Amino acid sequence: MGTEVCKRCGTTLPLGVTGTLCDRCLLGVQPDATDDLADWGSGGSPAPGTAGSAAVFAKAPGPGDGSKVEAAGLSGLLSWLVGGDGTAGGGQGARSRRRTFFPVGTLALLVANCIVFVGLTMRGGGEDALVLLSWGAKSNELIYQGQLWRFITPIFIHIGAWHLAGNCVVLYPFGRALERVIGTGCLVQIYIISGICGVIAGFCFHDQLSAGASGAIFGLFGALLAFLTTNRSASSGGVQTRDVVFFCLWILAFLLAGSQVKNIDNWAHVGGLVGGLLSGLVLVPRVPHVVPRPGVRWAAGCLLLVLAAAGTYRGAAWIRWIRQGEQACRRGDLVAARLAFRQAASLRPRPVTALWALARIEMRDGKDKEAERILTGLVQMDPDSAVPHYHLSDLYRETGRSADSLRELEAAHTLDPDRDDVKLLLGRGYLEAGDHRKALAILERCGARASEADPLVEYYRGDALRRLGQIERGLKHFQVYENLLRARLDKNPGVGHNNLAWFLFEEGRDLKEALPLAKRAVEINPFSPYFQGTLGCVYYGLSRYRESLNHLDKALEYHQSRADSATDLYFAAMATARLGARDRARELLRQADEVDPRNRYRTMAHKVVQ
């Protein structure tokens, strides 16, 4: 049988191939990409006349071996990845005959990830939850509120330098290899689609904060698997079935390893892999001389759309019920709110956000046992997470079970020892329990930026030192606390004015300065029980008892947490006694003693009332 010649470039076509164009001209592939692919496992440049599918998956025939062609398969691909340029054993001649391939798309994705990480570092670090949220990390709560752009932004955000380094080490070789085969545009499309699919899967099955490019990288694995699978029948020796099975087992090993690591969103890996596999079946070009299967591409495309629509619909159901519950809470309709959150909690897997909101409603309605049952169930659902323990401690504190609250905080700290907010609450719990040394020890372990995030760290440090008799050191921390409060007045005016007014009152400073600050806080939010309580206490300190009692009564009316109402009850009892209503004052005093018998104002209130 004679040979034919490509009419465009003059290349001799392989024996048995009919057509008028060679594979390079059919695909529009540059000679460097085809040559690189020809070296997968061959160790050298292709022999003349071995273009196309044989060049992609077969060793080039050596001198004197006739028509014998051995399949390179996955082992050749892996050796090519390790060798970097496909010259593991090819020598200098192969290097000189090939133009350098520049992976534009892969490098662009790496640079984008690195730029975002530098920005995160400049704003406080990729391990700060607030910084991650401000830059677009995946948060189910914020997606519920309509921030749908968070389905895309987490792909370029990394939580720490090791997270970034690990993903980049995998992204570069696989992205570079895949880009040579499918092209820059196709690579970027698959990366973005896979990343979005990973975020959708994490949104449906993983309720915690997450970010990272690992879902998109698993998508590249899926696209490569799609390429290997669909081109197994290439002429002159294709990828063998055992190679595809080996690659599947390799991917499965990665998924199993991810499932064993704490706080890893392995659902994002699964979603990215499925998204990459399906988008690869649709987008990845086929090697010439392989029988086309348009039905496979149409089926893969339809399945990808169906899965994306199903994930979006599931998220939409969560959003619908949770928004209805939030609106009912704002109206004060606890029945409608409870119904909406129960509908959201009935979904599988049960969204933690809906369960927590349902627990808060039960607490607000006085059904503490039901709230405890829900939160205890959350602990059992995710025993390795500190968040349920954190919320359960809040419930116990609000119901006056301080010992149980402290126990749950210790459990949360054991599971997640790096959370500064848990350390702060644990320090406060130790202070309330009278263990001042342990309180100071845990507060001193708060991070360097903890005071800027919450100035109460400095206040509790100063309080612990003062109770230990180190007055001078305590005053220094109080001064830092005051300076931080004054610096934050414009950033959060309501809380800033209220906290500064309370600090001036509690430390016996100038009450004439505290009064306008407390009034300003109440003007900003007149329905806050804390703002009303602060203003009532300041009025009490100025001996304006009737005005004090008016604001303290409002604070007691607005309070949802009984534990936080103890101080207001004590001051209301004292103001009532000053106005001559002794019986009413004794009743308020009795209620305050039931709520918090360790309150610092208890002794003073008993002296005034008695």
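The sequence shown lines up with residues 1 to 610 when you count with this note's numbering. Glycine residues also receive a C-beta, built at the ideal position from the N, C-alpha and C atoms. Fair warning: this is a prediction, and the values are worked out from it, not measured in the lab.
Limits of the unbroken alpha helix (DSSP H) element including residue i
i	result
VAL284	Unbroken run through VAL284: none, as it is neither H nor E.
ILE182	161 to 182
LYS476	471 to 487
ASN499	493 to 506
PHE218	214 to 230
TYR396	387 to 398
TRP135	129 to 135
ASP384	From DSSP, ASP384 is part of no alpha helix (DSSP H); its letter is neither H nor E.
PHE531	529 to 541
LYS438	436 to 444
PRO516	511 to 524
ALA403	402 to 415
LYS607	602 to 609
ILE115	104 to 123
ARG449	No alpha helix (DSSP H) contains ARG449, which DSSP labels as neither H nor E.
Expected contact under 8 Å - CB spacing of residue i and residue j to nearest Å
i	j	result
ALA211	ILE157	4 Å
THR611	GLY136	Nothing about residue 611 can be reported from this structure: the residues present for the chain run from 1 to 610 only.
GLY271	CYS329	The pair is not a contact, with the Cβ atoms about 32 Å apart (cut-off 8 Å).
LEU109	GLY175	7 Å
VAL439	ALA464	The question names Val, but residue 439 in the sequence shown is Ala. Confirmed, Cβ separation roughly 5 Å.
PRO455	LEU406	In fact, because the Cβ distance is near 23 Å, the residues do not count as touching under 8 Å.
LEU392	ASP365	Not a contact, Cβ separation roughly 18 Å.
Check whether residue i and residue j have beta carbons under 9 Å apart
i	j	result
ALA585	ALA577	yes
LEU515	TYR539	yes
LEU220	LEU283	no
LEU187	ALA226	no
LEU278	LEU255	no
VAL111	THR184	no
ARG461	GLU444	yes
LEU409	LEU426	yes
ASN167	ILE217	yes
ALA453	HIS413	no
GLU432	SER451	no
ARG360	ALA371	yes
LEU355	HIS389	no
VAL522	LEU542	no
LEU517	ALA501	yes
LEU511	GLN532	no
ILE190	GLY325	no
Close Cβ partners of residue i (< 8 Å) along its chain, the five nearest in sequence each way excluded
i	result
TYR459	HIS477, PHE478, TYR481 and PHE503
LEU579	TYR545, ARG546 and LEU549
ALA605	TYR570, PHE571, ALA573, MET574, LEU589 and ALA592
ILE524	PRO493, GLY494, HIS497 and PHE531
VAL116	TRP135, PHE156, ILE157 and HIS158
ALA253	none
Nearest candidate by alpha-carbon position, reference residue i, set the options
i	options	result
THR603	ASP463, ASP583 and ALA573	ALA573
PHE505	ASP553, SER451, ARG488 and PHE571	PHE571
GLY633	THR230, LYS138, CYS186 and LEU142	Here the chain has residues from 1 to 610 only, and residue 633 is not among them.
ARG437	GLY469, LEU209 and ASP365	GLY469
VAL199	LEU273, LEU475 and SER543	LEU273
ASN498	GLY474, LEU475, ALA464 and CYS537	CYS537
CYS446	GLY429, LEU424 and THR534	LEU424
ASP404	ASP418, GLU326 and GLY429	GLY429
ALA340	TRP321, ASP333, GLN327 and ILE264	TRP321
ASN113	LEU164, ALA336 and ALA518	LEU164
ILE193	LYS512, ALA268 and GLU513	ALA268
ILE155	ARG123, GLY202, LEU142 and ARG323	GLY202
GLY434	ALA161, CYS248, ARG600 and TRP149	ARG600
ASP421	ARG509, ALA129 and GLU362	ALA129
ASP382	LEU142, GLN208 and TRP162	GLN208
ALA669	TYR558, THR106, ARG473 and ASP384	Beyond the ends of the chain as shown, which are 1 and 610, falls residue 669; an answer cannot be given.
MET363	VAL379, PRO173, ARG397 and GLN380	ARG397
LEU142	CYS248, GLU179, ARG323 and ALA257	ARG323
HIS559	SER528, PRO173, ARG582 and ALA581	SER528
Cβ neighbours of residue i in the same chain (closer than 7 Å, five flanking residues each side left out)
i	result
GLY125	VAL131
ARG342	LEU358
PHE151	ILE196, VAL199 and ILE200
GLN92	Because GLN92 sits at a pLDDT of 42, beneath the cut-off of 50, its placement in the model cannot be relied upon, and the following sentence gives the value as read from the coordinates. Within the same chain, GLN92 has no close Cβ partners at all.
ARG598	GLU432
GLY160	GLY126 and GLU127
GLY28	In this prediction, GLY28 has a pLDDT of 45, which is less than 50 and means its spatial position is unreliable; nothing more can be read from the coordinates.
GLN30	Because GLN30 carries a pLDDT of 42, less than 50, the predicted location of this residue cannot be relied on, and the following value inherits that uncertainty. Cβ neighbours of GLN30 beyond the five flanking positions: none.
Close beta carbons around residue i, own chain, < 6 Å, minus the five adjacent residues each side
i	result
LYS607	none
ASP368	THR399
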